[in-house]
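Residue numbers (the numbering used here), protein chains in the order written: chain U, 1 to 109; chain B, 110 to 224.
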């Protein structure tokens, strides 16, 4: 059974600092997704990663995928308050799509 | 891409009753999933809706409580049966398909409150 582990669950950052969110999964994946969710809102798609070594960047967020290690990272560079949200990874594998527990990010001035 | 119409968007139901949620997609899709998201939590997979056959349920979810239909490649329903306040949650359908590109698409969600 596909298992997706995400950490940390909570992350409090100072503005301007860098940090990384980790997403481990248990089986060979077809795709890996990163989403952002603001309170009371729908999921917002950030990245879709397909192949080993894939790296995608959008603004202060960069996602990477290591399929051999079954690990994806979401790196936050020079955090700003607007990045405060909950971030989820999700893995599609063997006709299953499961989500990590989410990382609740708070960026403080 | 895909456009998903999920209905109803919200409902308040009496305990012991049932609610059927519909998910209509504007194109044929291979994979369709139903999730539950409780307040402050992640999305939990309830089941994979299989076209023409019984849904594949995750541990902790059973067909008698959450019957699912998928009569064709564009439509599915999830019923929440014999509801209790613990079933209060947001329910979401999601689709993934080779013809849709790499993205997964989500319905708008059904916010269910059981009183």
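Here a beta-carbon is modelled for each residue, glycine too, at the ideal position from N, C-alpha and C.
Keep in mind that this is a model prediction, so the values were computed, not measured.
How would you write the range of the beta strand (DSSP E) that residue i sits in, first residue to last?
i, result
"residue 186 of chain B", "184 to 189"
"residue 127 of chain B", "Where residue 127 of chain B is concerned, there is no enclosing beta strand (DSSP E), given that its DSSP letter is neither H nor E."
"residue 115 of chain B", "113 to 116"
"residue 108 of chain U", "103 to 108"
"residue 198 of chain B", "198 to 205"
"residue 110 of chain U", "Residue 110 of chain U lies beyond the residue range present for chain U, which begins at 1 and ends at 109; the question has no answer from this structure."
"residue 97 of chain U", "96 to 99"
"residue 180 of chain B", "177 to 181"
"residue 81 of chain U", "Element bounds for residue 81 of chain U: n/a, residue is neither H nor E."
"residue 219 of chain B", "219 to 223"
If you count every other CB in all the chains shown that lies within 10 Å of the CB of residue i, and 16 or more means buried, which is it?
i, result
"residue 123 of chain B", "exposed"
"residue 189 of chain B", "buried"
"residue 119 of chain B", "exposed"
"residue 115 of chain B", "buried"
"residue 76 of chain U", "buried"
"residue 224 of chain B", "exposed"
"residue 126 of chain B", "exposed"
"residue 185 of chain B", "buried"
"residue 42 of chain U", "exposed"
"residue 112 of chain B", "exposed"
"residue 51 of chain U", "exposed"
Who does residue i pair with in a DSSP beta bridge?
i, result
"residue 56 of chain U", "U:63"
"residue 44 of chain U", "U:36"
"residue 145 of chain B", "B:153, B:200"
"residue 123 of chain B", "In DSSP, residue 123 of chain B forms no bridge with anything."
"residue 6 of chain U", "U:23"
"residue 71 of chain U", "U:24, U:66"
"residue 165 of chain B", "B:157"
"residue 133 of chain B", "B:114, B:184"
"residue 91 of chain U", "U:32, U:98"
"residue 49 of chain U", "U:32"
Determine the direct distance from the alpha carbon of residue j to that of residue i, and round the result to whole angstroms.
i, j, result
"residue 151 of chain B", "residue 197 of chain B", "15 Å"
"residue 46 of chain U", "residue 36 of chain U", "7 Å"
"residue 6 of chain U", "residue 99 of chain U", "9 Å"
"residue 61 of chain U", "residue 22 of chain U", "13 Å"
"residue 18 of chain U", "residue 63 of chain U", "13 Å"
"residue 3 of chain U", "residue 211 of chain B", "21 Å"
"residue 219 of chain B", "residue 148 of chain B", "13 Å"
"residue 58 of chain U", "residue 199 of chain B", "29 Å"
"residue 78 of chain U", "residue 70 of chain U", "26 Å"
"residue 112 of chain U", "residue 25 of chain U", "This structure cannot speak to residue 112 of chain U, because chain U is shown only from 1 to 109."
"residue 68 of chain U", "residue 44 of chain U", "27 Å"
"residue 134 of chain B", "residue 53 of chain U", "33 Å"
Are there any heavy atoms of the ligand MG lying less than 7 Å away from the beta-carbon of residue i, as far as the coordinates show?
i, result
"residue 142 of chain B", "Ligands in the displayed structure: none, and consequently the ligand MG is not present."
Counting Cβ pairs closer than 8 Å, one from the segment 88 to 108 of chain U and one from the segment 9 to 20 of chain U, do we hit at least three?
yes
Can you confirm whether the segment 203 to 217 of chain B touches the segment 139 to 154 of chain B when touching is taken to mean that 3 or more C-beta pairs between the two stretches lie within less than 8 Å?
yes
Taking 8 Å as the cut-off, does the segment 164 to 172 of chain B touch the segment 209 to 224 of chain B (at least 3 CB pairs, one atom from each stretch)?
Under the 8 Å Cβ criterion, the segment 209 to 224 of chain B does not count as touching the segment 164 to 172 of chain B, having fewer than three qualifying pairs.
Assess contact between the segment 82 to 93 of chain U and the segment 13 to 33 of chain U, defined as three or more Cβ pairs (one per stretch) separated by less than 8 Å. Is contact present?
Under the Cβ criterion (8 Å, minimum of three pairs), the segment 82 to 93 of chain U counts as touching the segment 13 to 33 of chain U.
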